[in-house]
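Throughout, the working numbering is defined as the position within the sequence shown, counted from one, plus 51. Yeah, the Cβ is synthetic: ideal placement off N, Cα and C, and Gly gets one too.
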Amino acid sequence: MQQADRTAPETGPDMEGAARRHWMGLLARAAPKTLAERLATFDHALPAFAWLRRPETGSVMVRGRAGGTGAPFNLGEMTVTRCVLRLEDGTVGHAYVQGRDERHAERAALVDAMMQTSQAESLRAEVLDPLTEAEAHARAERAEKAAATRVEFFTVARGED
52 MQQADRTAPE TGPDMEGAAR RHWMGLLARA APKTLAERLA TFDHALPAFA WLRRPETGSV
112 MVRGRAGGTG APFNLGEMTV TRCVLRLEDG TVGHAYVQGR DERHAERAAL VDAMMQTSQA
172 ESLRAEVLDP LTEAEAHARA ERAEKAAATR VEFFTVARGE D
């Protein structure tokens, strides 16, 4: 059995797929207003596109696992909006976002498509990096609030008489 080459560069389909999953998740979690504001500050003109699938709202079943590793169970349904678009150069962008905001889905799909073009680096700097920082800041605030409400429990052992 041959071992994997550990000196292979960190590029290729696997790394590209991981990067795309990261930015698509970031766009889906971003506040719609924040994403709109970041796109409005983007220095380049937004490209024209054609719909392959217009925004449509539906529901998906959310599954969970007890303790994160237990047997999966159906937790409940969640509303999502999805869409697919194609840029004039043929690049396709997809988006699934929580809720019913069609413009959020459209913007997320547009950024997904543009991230696969030559505009990726400037888009990352002007849109994705600020979204990443905002998400990290919000996560830190939540952790700080949770830590402030932490309660320490202790047990006093009764001594023997």
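Using a C-beta cut-off of 8 Å, the stretch 77-91 makes contact with the stretch 144-153, since at least three inter-stretch Cβ pairs fall below that distance. Residue pairing of T130 in beta bridges, as defined by DSSP: S110. Looking at R114, R154 and G144, the one whose alpha-carbon comes closest to that of F100 is G144. Here DSSP, grouped into helix, strand and coil, assigns P123 to strand.
Counting of Cβ neighbours within 10 angstroms places L103 among the exposed residues, the total staying below 16. When the alpha-carbon of V162 is set against those of A187, L136 and R190, the nearest one is in L136. In this structure, E177 sits near F93, with a CB-CB distance shorter than 7 Å. By the neighbour-count definition (other C-beta atoms within 10 Å, threshold 16), T132 is a buried residue. Between the alpha carbons of A87 and T168 lies a gap of roughly 20 Å. Residue range V143 to Q149 is occupied by the beta strand (DSSP E) that includes V143.
Excluding sequence positions up to five before and after E139, its CB lies within less than 6 Å of the CB of A99, all in the same chain and listed in chain order. With respect to the C-alpha of L174, the residue from V202, A79, E211 and A96 having the closest C-alpha is A96. Take the alpha-carbon of T183 and the one of A199: they are about 24 Å apart.
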